[in-house]
Structure formats: structure tokens, C-alpha cells
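Remember, this note's numbering sits 1304 above the position in the sequence shown when you count from 1. For glycine and all other residues, C-beta sits at the position ideal for the given N, C-alpha and C. Heads up: the structure comes next, in C-alpha cells.
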Amino acid sequence: MGPAIASDSPANAGGPAALTNVRTGLGADAIAAALIENLHCLQGKLPQHATRNDWYMALAYTVRDRMMERYVATVGSIAGANTNAKAVAYLSAEFLTGPHLGNGLINLGIWQAVEEALSRVGQDLSGLLEQEEEPGLGNGGLGRLAACYMDSLATLNVPAIGYGIRYEFGIFDQAIRDGWQVEITDKWLRFGNPWEIVRSEIAFDVKFGGRTEPYHDEAGRYRVRWLPEKVVKGIAYDTPVPGYRVPTTNLLRLWKAEATEPFDFEAFNVGDYYRAVDEKVISETISKVLYPNDEPEAGKQLRLAQQYFFVSCSLQDMIRLLLTRGKPLNELHLYWAAQLNDTHPSIAVAELLRLLVVEHAMEWGQAWAITQQTCAYTNHTLLAEALERWPLPLLAKLLPRHLEIIYEINRRFLDGLRLRYPNDDQLLRRVSLIDEAGDKYIRMAHLASVGSHAINGVAVLHTELLKRTVLRDFHRVSPEKFLNVTNGVTPRRWIALSNPNLSALITRHIGDRWIANLEDELKHLEPLASDIDFQRDWQAVKADNKRNLAGFIKERTGVIVDPHSLFDIQVKRLHEYKRQHLNVLYLVTLCNRLRHASGGAVTPRTVIFAGKAAPGYRMAKLIIKLINSVAVVVNQDPVVSQVLKVVFLPDFNVKNGHRVYPAADLSEQISTAGKEASGTGNMKFAMNGAITIGTLDGANIEIRDAVGHENFFLFGLTAEEVERVRAEGYRPGSIYQSNPELREAIDLISSGFFSNGDRGLFRPLVESLLTSDDYMLLADYQAYVECQQHVSDAYSDQNAWTRMSILNTARVGHFSSDRSIREYCRDI
Ligand code: NBG
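Below is the structure:
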């Protein structure tokens, strides 16, 4: 069943002709005719011979056709003369869009018409939605945020292009074998991609390597030319991004790398056919595969090449579009806002300068002012290991001209500071774009900060910590650049599409305006929070979603779980700072209590984990193995499994997220305070009525303030306390010694109880906890266990729990990505 949205009416339905036109008609008749026609003309099939994928393709094209009119109009407003709107270029190495079909139906308002049309041809929508292979062009939060922002930009009628890379292989698919993560290549393009339009004519050359050479131009001016070793071509692939029931349909423009000359004819002529083809293969490698994050940057020349590749194509395209509009180059910043999604696109600062100064002969000072006014930088992490720096020799080899430009930016920047802060060499050394302590590196966050007019963090605490820690000196020298924009997620995908039952219930009571105006509308649910009938309906929706997830869990893992139990869920990338293993320590504790029958009455729980670990992150992979090992023992234990089940759901992605968030009772947001920049899963859970157990970290703090402290389970050290404890000398070993339950849990893991007697398997994990415990699990253990007890107690009063659940949904309208985008547009 589809999202039951009261007025399922298209934004601009057009006249009667438009309703029946096979390409544009929004009624069931036109759509049914289009399906048959597309099946025939595009798939070459008759209905009786069509596979499910044929039907999916026919439907996808049918839906895409219906986006084209608005898409063409929006592109016209970005490229056309006589338009003055400023457009957003969202530069991001990742876009985790999730499947397009369902979202398109919601945003176009044709869900019911499509269901009706499909039933006439004997097909069913849910099967076709299932058929779509999602583009996994992102790792997690950062890439998904980019996709939510694209949805909101379109919905708010802000013309925008999302610029990125069309990776042939996205994030790997995760399988679990014998409890371990196994990575499988993501072949998302194998059955074709009906959503994209290849723009062979929109192609740019991107240079790599070689050397630079000074010369004097005709006017006698000193100049430098770049003699590259190699040139690669970027081809644009466009995917329409329809706003929700509005005239705007933006686009995601992803670049695919190709050889400039498909064959090296010289090599071919001397008979070396294979060498001729080599060139093509090497060029295409650039957009081959998405790098998983959380791995050491070392030696990732290809990653830097990817970043430069997509940034250069995008900036060249922006300049092209500006000139097509008939605007002069010195007005670039009036027509384009380039948002840098983390440091991955930060080479844009040097590249834009190069394009303006070198390719378009603009004077440096003016080019620099335009660059700064065009670019803005969003930081997404404080973790030292995630702050990008490129070895200087690598940059010199791959981008020799950019290195010179970075030197010049740095020289001017430091000269300016020297005047303002004479005798503060330490300051200059700290803010320099070049890290010269030991091996030399280019600090990309510094490049982005210097080259942007705005720098933002993604939650209040994160922005404060940015100002106090990693970008402290930048805040000192340019405080006016800093601001906070707390993340948000799109209610179209994360409520309307993924939780149709809840959507229908909400709409029945407060109308459907919440979908486009979450902040103002959702709060009208508040008065219903204590209404017994409404609570009953709310519980019925949750129960239904839990049954649905239970079925999915059974299908994917074979584990049978009880939908009446408390669904306690932690889904996110596997990382030590996110502390999935703190959750496991609690489970082992619970398990011990049950084995000793010392717990009294217990609330039955199903604890669900999902998330991918970086292929090279050994500790994260060991944590997956631990979760699975504990799951096997718990689920087989005749006593324990009566009240506890543990599940690791493989291959967490957007599609699986659709099933998971709506089914949660409890949302685990338990990172070490100060480590999670924002989190966005926390918002998706709360919107769907899950109650959070969490630390004062990232956006949890703001969520707690919004939903009310009494409707949030808080535990653990604050970011300040974490710092203080560390400074005073943290000794996890003594916590272990002094807490019997904790000791028993850790000892049980060490004893081989969960590993068929193998005492060595989890030793690296246990040792790291007992010796350094960088993420302070042991410091928060007792508080967490006690807090979980409060959760269990609270859950046993279903009416009180339901009230909390309703209030969570009612009060998190602030975390709509529409609100975030409004703030970006207003403040940046
Ligand atoms: C992630 C943070 C999350 C945050 C997302 C989106 C990176 C580098 N950062 O806390 O870890 O929610 O970005 O802002 O992926």
C-alpha cells in the first residue's frame, strides 16, 4: 500500500490533454498506456513476455518522462539568458540517493495513479519498487545528507546542480559469512540505469601530471603553462531531482571519466594494439570505484585524482553555464554558490583560481575575491584521522600547477596575517596550508577555510568544538566566517515514503501539509499524544512496521524475532567512536543476568544492528564478528532467547533503512561525546516515533531539547567531561577492576564463550578496552546499563511509552532538511 496522502494531486496537472498524453499524462489511463508503450518501444517486449525488470524499466521511464517538462524549465533557469536567479552547485564526492522510483511517485503526486495503472496491466507496485537497484554512491551520513539536501533544494524551488562522480561501483555490498563481513562488488549498473541521461556533448578535459613552464605572453606578461602528462575527459550524466509538488526539478550531474582518444593511434599503428587500449582503461579507472572511508589515506593517489577530476569538470561546467547566460565571468559569485561538502572537493579553491587566472586571464586579486565569495565549506568531522591532508610530493606529481597556486595562496594569506599578528610565528605555522612538521602535507581543511567566505559545522556542539579545536586559529583570524547549520533529513523519503502507515495516520488528523512544512505542521500532533484512540492507532502502526521488519529479518538472516518485544536498533557505519561494542557489553551483561536469573522481571528485547565496516578497518570488522558471535549464543540459549534476540542485518543501505527506521522503538545514539559531528539517523528514528537512548553528542543534544528531556534517555559523560577525564589520566583498567558486572561481561568474551573456546579471537578488542579505551566505553558503561534499565521499565507502561513516541515525532519538525536548506540560503 502506498503513502496515503490526502490530496494526492499533482502540482501542475495541466489541462485535459495533459492528463491523457502518453508522455506527460498524470492519470491512470495515460500511465497505463505509457507503460505498455515503453515496454514495447524501449524494452522490446510484449506484456506476456516481460520480466519484472522489464516492467520496472518501463515504469521508471514512464515516471522520468513526467519529470521532463519541469526539468527542462529548471535547467533553462540555470542556463538561460534573462534569468537572474543564483543557483547552488553542491559539490560532493558522494550522493547516497537511494532508490528513485518511490520518491519520484511521491514528489510528482502520482502514487495512486501508478498503482491503478499497474493493476490494469496485472502488475504490482511493491514488486517493482523492490526491483530497483539503489545507487550506493556514498558511504553513509555525509552522502545521504547530500541527497536529502538535493530533495529540499528542489522542494524549496532553489535551482541547484549536485555535482559528483558517477562511480561504476558504489559502496560494496556486505554479506556476512561465519559472522564476518565479506565485501562484494556493487554492480549497480548491470541492468542499466533508467534515471540518468547521458550528455555526451557536455564534456570537459581534465589534465593530470607533467610539469609547468614559465613563458612571456604576447603582451610580455610573465605566465606559466602546464604541460600535462595526461588528459582525461569527463562526461556528464544527469539525473532529474524533482521537488515535492513544485515546479522545480533540479539535477544531479555526475561525471564519468573517459579517455580523450579512445585509442592511442600511434601505438595502434606500430602494431601495439593492447597498449592502445591501455590508455582507455587507465582513464576510465578514475570514476571506477567509490573509496570506503575510515581507512588510512596513504597512497590513495587515485582518490586525489577523483577529487580533482570531478571538481574541475564541475567548475568548468559552471563557468560554461554562466557564459551561456550571457553573464560576465567577474559575476560568477552572483550566479553561483558552490557548497563544498567536506574537504573532498576543496581542491576547488585552487582550481577555480587557476581557471580564472590562467585560463581566463583574470587578475589574481579579483579572481581570489570571486573564489572566496563563491565557495563555502561545510565541515563534517573532528576526528583527526578523517581530516584530509595530501602528501606534498603526491600533489606535486599529480597537480603541479595547483601546488604552485596553493603556495601563492598561502604566501598571500600568511603575509596578511603577519601584518595583523606580528611575532606570532606559531600562529602562522599552525594555520599554514602546508604542514611542515616532518613529511610535508597540504592541509585540505585549511585550503577550504581560506578559500571560503563561510565555514559551518553540522550541529551546535560540533560547530562550537570546531571553533575551539581543529579550526580554532581560523576562528581567531576570521570569526565572521563561522556559523552553524544543524543537519536535517527529508520527510518525503524518511516518513512519507518509508512509513506509509504513519503518514496516513498523521494526515488523517492534521492534513498533509506536514510533508512540505514539517516544522510548522507536525507539532499539531502534540494535543493527540495522550488521546487513547490516537495512541491505539499509533501503536497499531508501529506494530505493523515491526511485523514487516521481523519478516524481512527472517528472510535475510533466518532469525525469528518477536514483534511484541522492544525493538532496540543501532544502524550506522561500524566505528569504534560510535560504540556498537558498548551496546554489546550491555547485551553480554543482560545475558549474564539472565543466566544467573538475577534480573527480576525483564522486558523482552530484540536488539538489531546493521552497518558496514571499512574493508581495511580491522577493529570494526572484529566488532561485527563479536556482534554475530554473541547473537548466535544468545539466540540459541533456551533461557536467554526467551527474552532477548540479537540480530545483525547485513548490507545496510537506504533501501533497508526504509524498513528499519519505522520499526524502531528505541534508537541507539551512543557515540563518545564530542565525536559524532551530528548524526542524521538519530533524526530519522525520532521522526518515526522511536525514543533515543543517547549521549550528549552531535544533534542528539538538539533533539533532546526539542522533544523534551523527559522523552529522551540520556546517559554518559559530556564532551567536556570526556576531555577532562582524559587530561587527568584515564585508566580503564581500574574501572574494569572495580565493576563486577563489567568484569564478568569482559571476562566472558575473553573466555571464548562466544567463540567456541577460542580465547584469542576477541583479544585485540578486549586489550584495547582495558589498556587505552580511546572511546571511553568503560567510563560510560555503568551509566549506560542503568539507563537501559530505565528504558525497560518505561516500555512496560505502553501508554506512557506511546505518548513519548508521539511527542518525539511531533517535536522533531525542526530536523527537516527543508529547515537546514533555508538556513544555508539565508545565511550563506
Ligand atoms: C559525517 C559525520 C556525521 C554527520 C554526517 C553528515 C563524515 C566525514 N561525517 O555525524 O560523522 O551526520 O557527516 O553531516 O562522513
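Secondary structure within the region 1760-1833: the beta strand (DSSP E) runs of 3 or more consecutive residues, fully enclosed, are 1786-1788 (chain order). Applying a distance threshold of 7 Å between residue Cβ atoms and the heavy atoms of ligand 1 selects 1443, 1444, 1445, 1446, 1449, 1597, 1646, 1684, 1685, 1690, 1762, 1791, 1980, 1981, 1982, 1983, 1984, 2002, given in chain order. Residue pairing by DSSP places residue 1593 opposite 1473 in a beta bridge.
According to the DSSP assignment, residue 1530 belongs to the beta strand (DSSP E) that extends over 1526-1531.
Non-local beta-carbon contacts of residue 1515 in its own chain, meaning distances under 7 Å to residues more than five positions away in sequence, involve 1531, 1704 in chain order.
If you ignore the 5 residues before and after residue 1865, its C-beta comes within less than 7 Å of the C-beta of 1854, 1857, 1910, 1949, 1951, all in its own chain and listed in chain order.
Cα atoms of residue 1419 and residue 1429: separation of roughly 6 Å, rounded to the nearest angstrom. The secondary-structure analysis by DSSP pairs residue 1468 across a beta bridge with 1558.
If the five residues before and after residue 2069 are omitted, its C-beta is found closer than 8 Å to the C-beta atoms of 1885, 1923, 1926, 1927, 1930, 2053, all from its own chain and listed in chain order.
For the pair of segments examined, the region 2104-2119 was found not to touch the region 1914-1922: the number of CB pairs separated by less than 8 Å stays below three. Between the C-alpha atoms of residue 1519 and residue 1663 there is a straight-line separation of about 15 Å. Exposed is the label assigned to residue 1723, since fewer than 16 other Cβ atoms lie within 10 Å of its Cβ. The C-alpha of residue 1849 is placed about 27 Å away from the C-alpha of residue 1441. In its chain, beyond the 5 residues on either side, 1483, 2058 have a beta carbon closer than 8 Å to the beta carbon of residue 1936. Counting along the chain, the unbroken alpha helix (DSSP H) around residue 1959 starts and ends at 1958-1964. If you look at residue 1543, you'll find it in the beta strand (DSSP E) that goes 1534-1546. When DSSP states are grouped into helix, strand and coil, residue 1697 belongs to the helix group. Taken atom to atom, the span from the alpha-carbon of residue 1458 to that of residue 1544 is near 10 Å.
With 16 or more other Cβ atoms from the protein chains shown falling within 10 Å of its own Cβ, residue 1462 counts as buried.
Using a Cβ distance threshold of 7 Å, residue 2045 and residue 1893 count as a contacting pair. By the Cβ neighbour-count rule, residue 1345 is exposed, with fewer than 16 other Cβ atoms within 10 Å of its own. If the five residues before and after residue 1449 are omitted, its C-beta is found closer than 7 Å to the C-beta atoms of 1791, 1984, all from its own chain and listed in chain order.
Secondary structure of residue 1941 (DSSP, three-state): coil. DSSP places residue 1356 inside the alpha helix (DSSP H), whose first and last residues are 1356-1369.
The Cβ-Cβ distance between residue 1399 and residue 1510 does not fall below 7 Å. The C-alpha of residue 2008 lies about 6 Å from the C-alpha of residue 2016. Here residue 1518 is bridged, per DSSP, to 1528.
CA-CA distance, residue 1763 to residue 1375, rounds to 33 Å.
The region 1644-1654 and the region 1746-1766 touch, with three or more beta-carbon pairs separated by less than 8 Å.
Selection 2048, 2030, 1997 evaluated against residue 2079 yields 2030 as nearest (Cα-Cα). In the three-state reduction of the DSSP assignment, residue 1489 falls in the coil class. Assigned with DSSP and collapsed to three states, residue 1703 falls in coil, not helix or strand.
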